[in-house]
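Trainee:
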Ligand SMILES: [Zn+2]
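In the numbering used here, the protein residues as written are 162 to 610.
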């Protein structure tokens, strides 16, 4: 137990230390704001500190000791500095086109890449791959590199084309991703996804925000001026982020009300989100069987268009395109997965206390009878099988076989209270999260208007 807590604290300490190294200026501003407000003691105070719009644009840079003037001029005289350029591969790319965009004028390098299957594959098999070139001052290629994550692997691959005295050589290496974290913030002007796009926040993080605050905020009816800050995991290859992970802490101010959450994993338990005061945000059931995504966010949850009440057709319909993932709203066991007249393809899941949920009209079923499922696991995809006029998910909630109002599901508690033993670690983490989120609000986005 003690060891678990110490390990958790070490993890927190190393992550926070990383954030402090990556965002020194923002963190300094945040700490200053926290100290100024220390008398108040309220958590809310921190985020009311620096308004992003009032702050000068800050570039996040590592502290670097400048080279002496003599060293710099010497370097210039010797023409021995390297130019770094980065671009992203396109569907129409050829070796010539890619090198040209990277500012390389090197016919030998171009011919080498064209003739080398390994290099061609790494560069052109996938659109959107980030490629970095290092060039001489004469725009000759010194080194070209691309990094990507192979499917179902924890690490990443790095392909390097390098100039040697004997000509160009290619090597492909496997390496481990470095866990890191990113601070970001945004202001809603039209929708959540427009705001997260402007802040260069990936869709998976936006969807997590919608789930975390589902009980507090209606994401289909955000107001202009609502704002948020988020700290999320990223996994980097040589400093380039290849994948984002879990939201670590977040706050969302909607309609003038501030909501905050942080991820915490008590030793020996499942992690979940908590409010800064230690209340668990985990619910026994998710508020929606369809993830709030770029695709589904434009579609409203609706009662039956004719009957206009869940009572009259026993459930709620979620309009969404065919193929949209459907997830179980709670932990349980699959009790039925197959076809029933009217329902078409349907999955029924048994939960605690004789409660059941049903997911109907599916185009695809992903689970088998008897299978244990965890909250959020995919059970199938939206379709229009059975008696359905168009693609939608028909969702039911039953207790002891009786139909109930599905909107009451999300109100059921499901969180584990913090143990007294975990409390000190939690409080330290909440304090660090406070500093990080305050700092996130001062990360000015280049694209913000
Ligand atoms: Zn229905």
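All C-beta atoms in this analysis are idealised placements derived from N, C-alpha and C, irrespective of residue type, glycine included. Here the structure is a predicted model, which means the values were calculated and not measured.
Do three or more CB pairs link the region 323–342 to the region 385–404 at distances below 8 Å?
Mentor: Touching, yes.
Trainee: Closest to residue 430 by C-alpha separation, out of 248, 580 and 279, would be which residue?
Mentor: Counted from its first residue, the chain shown places residue 430 at position 269. Closest by alpha carbon: 580.
Trainee: Would you mind reading off the limits of the beta strand (DSSP E) that contains residue 383?
Mentor: In the chain shown, counting from the first residue as 1, residue 383 sits at position 222. Counting along the chain, residue 383 falls outside any beta strand (DSSP E), and DSSP gives it neither H nor E.
Trainee: Contact between the region 373–382 and the region 402–417 is defined here as three or more beta-carbon pairs at a separation below 8 Å; is this criterion met?
Mentor: Because the criterion of three Cβ pairs below 8 Å is met, the region 373–382 and the region 402–417 touch.
Trainee: Mind the definition here: the region 559–569 touches the region 580–600 only if three or more C-beta pairs lie below 8 Å; say whether that holds.
Mentor: With the cut-off at 8 Å, the region 559–569 and the region 580–600 do not touch.
Trainee: Quick one: Cα of residue 291 to Cα of residue 603, how far?
Mentor: Within the chain shown, numbered from 1, the residue matching residue 291 stands at position 130. Within the chain shown, numbered from 1, the residue matching residue 603 stands at position 442. Looking at the two C-alpha atoms, the distance is approximately 28 Å.
Trainee: Which ranges does the beta strand (DSSP E) cover as unbroken runs of at least 3 residues, wholly within the region 541–584, from first to last along the chain?
Mentor: Segments of the beta strand (DSSP E) lying fully in the region 541–584: 553–560 and 563–565.
Trainee: Suppose contacts are defined by Cβ-Cβ distances below 8 Å. Is residue 617 in contact with residue 553 by that definition?
Mentor: No answer is possible for residue 617: it lies beyond the span of the chain, which begins at 162 and ends at 610.
Trainee: In the DSSP assignment, find the alpha helix (DSSP H) that holds residue 261 and state where it starts and stops.
Mentor: For the purposes of this step, residue 261 is taken as the residue at position 100 of the chain shown. Where residue 261 is concerned, the enclosing alpha helix (DSSP H) stretches over 256–262.
Trainee: With a threshold of 7 Å (Cβ to nearest heavy atom), would residue 478 be considered close to ligand 2?
Mentor: Within the structure as shown, ligand 2 is missing, the only ligands being ligand 1.
Trainee: On the three-state DSSP scale, how would you describe residue 277?
Mentor: As a position in the chain shown, residue 277 is number 116, starting the count at 1. It is coil, neither helix nor strand.
Trainee: So the beta strand (DSSP E) residue 248 belongs to, where does it begin and stop?
Mentor: Stepping through the chain shown from its first residue, residue 248 is reached at position 87. Where residue 248 is concerned, the enclosing beta strand (DSSP E) stretches over 244–249.
Trainee: By Cβ distance below 7 Å, which residues in the same chain neighbour residue 271 in space, the five residues on each side in sequence not counted?
Mentor: Numbered from 1 along the chain shown, position 110 holds the residue referred to as residue 271. For residue 271, where only same-chain residues beyond five positions count, the Cβ hits under 7 Å are 256, 257 and 260.
Trainee: Using a Cβ-Cβ cut-off of 6 Å (strictly less than) and excluding sequence neighbours within five positions of residue 547, which residues of its own chain qualify?
Mentor: Numbered from 1 along the chain shown, position 386 holds the residue referred to as residue 547. Result list for residue 547: 503, 504, 505 and 522, in chain order.
Trainee: Report the three-state DSSP secondary structure of residue 413 (helix, strand or coil).
Mentor: Translated into the one-based positions of the chain shown, residue 413 becomes position 252. In this structure, residue 413 counts as strand in the three-state DSSP scheme.
Trainee: What does the alpha-carbon distance come out to for the pair residue 243 and residue 278?
Mentor: Stepping through the chain shown from its first residue, residue 243 is reached at position 82. Stepping through the chain shown from its first residue, residue 278 is reached at position 117. C-alpha separation (whole angstroms): 27 Å.
Trainee: Does the pairing of the region 433–442 with the region 569–585 give three or more beta-carbon distances under 8 Å?
Mentor: Cβ pair count under 8 Å is three or more, so yes.
Trainee: For residue 405, which of helix, strand or coil comes out of DSSP?
Mentor: Position 244 of the chain shown, counted from the first residue, corresponds to residue 405. Looking at residue 405 - three-state DSSP - the assignment turns out to be strand.
Trainee: Between residue 626 and residue 367, what straight-line distance do the alpha-carbon atoms span, to the nearest angstrom?
Mentor: Residue 626 lies beyond the residue range present for the chain, which begins at 162 and ends at 610; the question has no answer from this structure.
Trainee: Short check: CB of residue 494 to CB of residue 533, under 8 Å?
Mentor: Here residue 494 corresponds to residue number 333 of the chain shown, with the count starting at 1. Here residue 533 corresponds to residue number 372 of the chain shown, with the count starting at 1. For residue 494 and residue 533, yes; Cβs fall inside 8 Å.
Trainee: Taking the alpha-carbon positions, what's the residue 439 to residue 590 distance?
Mentor: What you label residue 439 is simply residue 278 of the chain shown in a count that begins at 1. What you label residue 590 is simply residue 429 of the chain shown in a count that begins at 1. Whole-angstrom Cα-Cα distance: 11 Å.
Trainee: Is any heavy atom in ligand 1 found nearer than 7 Å to the beta carbon of residue 512?
Mentor: For the purposes of this step, residue 512 is taken as the residue at position 351 of the chain shown. For ligand 1, not one heavy atom lies less than 7 Å from the Cβ of residue 512.
Trainee: Please report the straight-line C-alpha distance between residue 600 and residue 550, rounded to a whole angstrom.
Mentor: Locating residue 600 in the chain shown gives position 439, where the first residue counts as 1. Locating residue 550 in the chain shown gives position 389, where the first residue counts as 1. Each residue's Cα considered, the two are about 49 Å apart.
Trainee: Would you call residue 535 buried or exposed, if buried means 16 or more other Cβ atoms sit within 10 Å of its Cβ?
Mentor: For the purposes of this step, residue 535 is identified with residue 374 of the chain shown, where counting begins at 1. Residue 535 is exposed by the Cβ-count criterion.
Trainee: Of all the options 420, 419, 399 and 391, which has the alpha carbon lying nearest to the alpha carbon of residue 406?
Mentor: As a working mapping, residue 406 is identified with position 245 in the chain shown. Comparing Cα positions, the closest option is 391.
Trainee: Is residue 387 closer than 8 Å to residue 331 when the C-beta atoms are compared?
Mentor: Mapped onto the chain shown, residue 331 falls at position 170. Mapped onto the chain shown, residue 387 falls at position 226. The answer is no: Cβ separation not under 8 Å.
Trainee: In the DSSP output, which residue or residues are listed as bridge partners for residue 507?
Mentor: Counting from 1 along the chain shown, the entry for residue 507 is found at position 346. The partner list for residue 507 (beta bridge, DSSP) reads 499.
Trainee: Comparing alpha-carbon positions, which option in 481, 286, 274 and 273 lies nearest residue 252?
Mentor: Position 91 of the chain shown, counted from the start, is the residue given in the question as residue 252. Out of 481, 286, 274 and 273, 286 has the C-alpha closest to the C-alpha of residue 252.
Trainee: Have a look at residue 384 and residue 321 and give me their C-alpha separation to the nearest angstrom.
Mentor: Position 223 of the chain shown holds residue 384. Position 160 of the chain shown holds residue 321. Using only the alpha carbons, I get a separation of about 47 Å.
Trainee: Apply the 10 Å Cβ neighbour rule to residue 487 and answer buried if 16 or more other Cβ atoms are within range, or exposed otherwise.
Mentor: Along the chain shown, read from residue 1 onward, the residue named residue 487 stands at position 326. Under this definition residue 487 is a buried residue.
Trainee: Work out the CA separation of residue 297 and residue 454 for me, nearest whole Å.
Mentor: Residue 454 sits at position 293 when you count from the first residue of the chain shown. Residue 297 sits at position 136 when you count from the first residue of the chain shown. If you take the alpha carbons of residue 454 and residue 297, they lie about 44 Å apart.
Trainee: Measure the alpha-carbon distance for residue 275 versus residue 281 and round it to whole angstroms.
Mentor: Taking the first residue of the chain shown as position 1, residue 275 is located at position 114. Taking the first residue of the chain shown as position 1, residue 281 is located at position 120. Residue 275 and residue 281: Cα-Cα distance of roughly 7 Å.
Trainee: Residue 364 lies in the beta strand (DSSP E); which residues open and close that run?
Mentor: Residue 364 sits at position 203 when you count from the first residue of the chain shown. Note, residue 364: premise wrong, no beta strand (DSSP E); alpha helix (DSSP H) at 364–373.
Trainee: Under the three-state reduction of DSSP, which class applies to residue 320: helix, strand or coil?
Mentor: As a position in the chain shown, residue 320 is number 159, starting the count at 1. The answer is strand: DSSP assigns residue 320 an E or B state.
Trainee: Between residue 245 and residue 299, is the Cβ-Cβ spacing less than 8 Å?
Mentor: Taking the first residue of the chain shown as 1, we reach residue 245 at position 84. Taking the first residue of the chain shown as 1, we reach residue 299 at position 138. No. Outside cutoff.
Trainee: So residue 362 packs on residue 411, CB below 8 Å; how close in whole Å?
Mentor: Reading the chain shown from its first residue, position 201 is the one you call residue 362. Reading the chain shown from its first residue, position 250 is the one you call residue 411. Actually they do not touch by this definition, with Cβ atoms about 11 Å apart.
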